[in-house]
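Here is the structure we will look at, set down as structure tokens.
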Amino acid sequence: MKPDFSKGLLPAVIIDDTTNDVLMLGYMNEESYAKTLETKTTWFFSRSRNKLWNKGETSGHFQHVKEMYLDCDQDTLLVRVDQIGPACHTGSRTCFFTKVL
2 MKPDFSKGLL PAVIIDDTTN DVLMLGYMNE ESYAKTLETK TTWFFSRSRN KLWNKGETSG
62 HFQHVKEMYL DCDQDTLLVR VDQIGPACHT GSRTCFFTKV L
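Residue numbers (my numbering): 2 to 102.
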């Protein structure tokens, strides 16, 4: 099956393959999805910069893709990765460290 990009960007939930921690949420378009499959590292589309980016390209904190799953509606991706260093730009292991409830 192939993701349905007809409505634009797809959310990609990134999970640590070893710990099962949710590391981050990014958005993929068709091109970033194809580059992720090709390189086996995560690529996203930055809405704020309006361009593709490879996670780790400037920090060295790459995400090596182990497995990818598509949800039942083909509009959300789940990506299991081997995370090198912190996933968050703040230096935290995960982007989900602020407890709300």
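Just so it is clear, CB atoms sit at the ideal spot from N, CA and C, and this is done for glycine as well.
| Query | Result |
| --- | --- |
| Residues bridged to I101 (per DSSP) | For the record, residue 101 in the displayed sequence is Val; it is not Ile. According to DSSP, V101 bridges with nothing at all. |
| Euclidean distance between Cα positions of S60 and E39 | 21 Å |
| Neighbourhood of T77 by C-beta, 8 Å cutoff - its chain only, sequence neighbours within 5 removed | L11, P12, A13, V14, L71 |
| Beta-carbon proximity list for Q64, same chain, < 8 Å, skipping 5 on both sides | I15, L24, T42, T43, K56, G57, V80, V82, D83, Q84, I85, A88 |
| Straight-line Cα distance separating Y34 from F98 | 27 Å |
| Alpha carbon of D74 to alpha carbon of T20, nearest angstrom | 26 Å |
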